[in-house]
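Read through the structure below, which is laid out as structure tokens, and then see the notes.
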Amino acid sequence: MRSLSAALEMVGRTDTGMVRDHNEDSIYFEPDLGLVILADGMGGYNAGEVASGIATQVTAEVMRAQMMATPPHIKTAGSMWPIAHEMLLLSIDRANAMIYQTALEHPQCSGMGTTLIAGLFYNNHLAIAHVGDSRAYRLRGDDFEQLSKDHSFLQEQIDAGLLSEEEARNAPYKNLVTRAVGIAGAVQTELREYQVEPGDVYLFCSDGLSDMLQDETMSQLIKLFIDNLPHACDILLEQANAEGGRDNISAILVKVTRDYSVEVGIWNKFTGWFGSSS
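Okay, here's the thing in structure tokens:
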């Protein structure tokens with residue numbers, strides 16, 4: 000069976016930026032599984048780096064284990080989407096518990112946390128789970144759209160009509176998140192679901208990219224280098240650094256090259272190990 004790597008091209012980059020002395024972002028992507036994870040840590044004594052590293056590692060491990068154990072009769076989008084959502088929620092819950100427990104056991108990590116955004120591509124769909132202000136975008140044709148909605152004080156001000164989008168770009172408190180993974184015993188994860196089409200390009204990024212570059216700039220750069228995804232990713236980070244690079248910068252790009260319905264996907268490969276469906 001072919002894996003999703005035949006349908007999904009994935010590249011990712013992370014950079015310390017021009018101001019910070021270490022990188023508290025962490026990224027993970029696995030084309031075979033259709034899985035993307037990006038985390039932007041926070042906390043003193045490099046604890047943010049610990050938090051984001053735990054977040055990506057635990058989320059990936061738990062997702063992989065669940066996908067391996069998916070029973071063979073899960074074959075249609077109608078039955079798969081709640082399973083996909085449950086897997087993402089459980090994985091992030093486990094990551095939250097691990098970060099929170101680590102912080103309790105190690106005083107130097109007290110108060111650490113991280114944003115997290117995870118994408119699972121399956122059966123011509125994309126499930127996105129996120130906590131905090133790391134983002135997901137979609138480029139479809141000429142349309143560039145933000146798919147996630149920030150969990151931030153600034154977004155709440157925009158939603159309340161107290162700030163315009165333009166005013167928000169220059170607000171001094173733009174990095175205050177209202178949700179994070181690992182700062183409490185429980186986490187509230189937002190889930191969204193999208194139909195995917197061949198030719199789509201998805202961008203997952205930390206606020207170190209989206210704060211430095213306007214959506215129009217990111218869209219233009221991706222369009223310009225859409226046939227060279229590694230270069231497109233490099234250019235995004237280079238341009239963010241050129242604009243000041245005030246934070247760590249991370250980006251993962253995913254291009255959908257063809258249909259990846261379940262019949263030709265990794266789910267069939269995994270569930271085949273447990274026997275064929277009737």
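For the sequence shown, numbering that gives the first Met the number 0 gives the first residue as 0, with consecutive numbering after it. C-beta: ideal position from N, C-alpha, C; glycine also.
Give me the Cβ distance between Ile-157 and Ala-135, rounded to the nearest whole Å; I'm assuming they're in contact under 8 Å.
About 18 Å separates the two Cβ atoms, so there is no contact after all.
Are the beta-carbon atoms belonging to Glu-23 and Glu-60 less than 7 Å from one another?
It is not a contact, given that the beta carbons lie outside the stated cut-off.
Unbroken stretches of the beta strand (DSSP E), 3 residues or longer, contained in the region 77-151:
112-121, 124-130, 134-139, 142-145
Report back the beta-carbon spacing between Phe-152 and Tyr-172 to the nearest angstrom; my notes put them in contact at under 8 Å.
6 Å
Do Gly-131 and Arg-178 have their C-beta atoms closer together than 7 Å?
yes
Which residues in the same chain as Thr-15 place their Cβ atom closer than 7 Å to its Cβ, once the five residues preceding and following it in sequence are excluded?
For Thr-15, where only same-chain residues beyond five positions count, the Cβ hits under 7 Å are His-21, Asn-22, Asn-247.
Please list, in chain order, all residues of the same chain as Ala-170 whose beta carbon is under 8 Å from its beta carbon, the five residues on each side excluded.
Leu-153, Gln-156, Leu-162
Sorted by chain position, which residues of the same chain lie with C-beta nearer than 7 Å to Ala-76's C-beta, five sequence neighbours on each side aside?
Residue confidence is low: Ala-76 scores 47 on pLDDT, short of 50, so the model does not pin down where it sits. No coordinate-derived value is stated.
With a cut-off of 8 Å, do at least 3 Cβ pairs link the region 192-208 to the region 250-258?
yes
If we ignore side chains and look at the alpha-carbon of each, how far apart do Ile-127 and Phe-143 end up?
The C-alpha of Phe-143 is placed about 17 Å away from the C-alpha of Ile-127.
C-beta atoms of Ser-205 and Asp-39 nearer than 7 Å:
Against a cut-off of 7 Å, the Cβ pair of Asp-39 and Ser-205 comes out as a contact.
Coarse secondary structure for Leu-37, derived from DSSP in three states
strand
Work out the CA separation of Arg-168 and Asp-210 for me, nearest whole Å.
7 Å
Would you mind working out which of Ala-50, Leu-138, Asp-226 sits nearest Met-217, comparing C-alpha positions?
Leu-138
Check each candidate in Val-18, Gly-42, Arg-12, Gly-43 and name the one with the smallest Cα separation from Phe-28.
Arg-12
Label His-150 either buried or exposed according to how many other C-beta atoms from any shown protein chain fall within 10 Å of its C-beta, with 16 as the threshold for buried.
buried
Kindly indicate the opening and closing residues of the alpha helix (DSSP H) around Thr-237.
First, the amino acid is wrong: residue 237 is Glu here, not Thr. Unbroken alpha helix (DSSP H) run through Glu-237: 228-241.
Among Thr-188, Ile-82, Gln-56, which residue has its Cα nearest to the Cα of Ala-68?
Ile-82
For His-129 and Tyr-44, I'd like the C-alpha separation in whole angstroms.
25 Å
Met-217 by DSSP, collapsed to three states: which one?
helix
Take the Cβ of Ser-147 as the centre, count every other Cβ of all protein chains shown within 10 Å, and call the residue buried at 16 or more, exposed below.
The residue in question, Ser-147, is buried, as its Cβ has 16 or more Cβ neighbours within 10 Å.
With burial defined as no fewer than 16 other Cβ atoms inside 10 Å of the residue's Cβ, what is the status of Ala-231: buried or exposed?
buried
In this structure, what does DSSP give as the bridge partners for Ala-250?
Arg-12, Cys-204
Beta-bridge pairing of Gln-194 - partner residues as DSSP gives them:
His-124
On the CB-based measure, 16 or more other CB atoms within 10 Å of its CB, does Leu-37 come out buried or exposed?
buried
Please identify the residue among Ile-182, Glu-192, Tyr-259 whose C-alpha is closest to the C-alpha of Gly-118.
Glu-192
N-terminal and C-terminal residue of the alpha helix (DSSP H) that Ser-51 is part of
Ser-51 -> alpha helix (DSSP H) spans 46-67.
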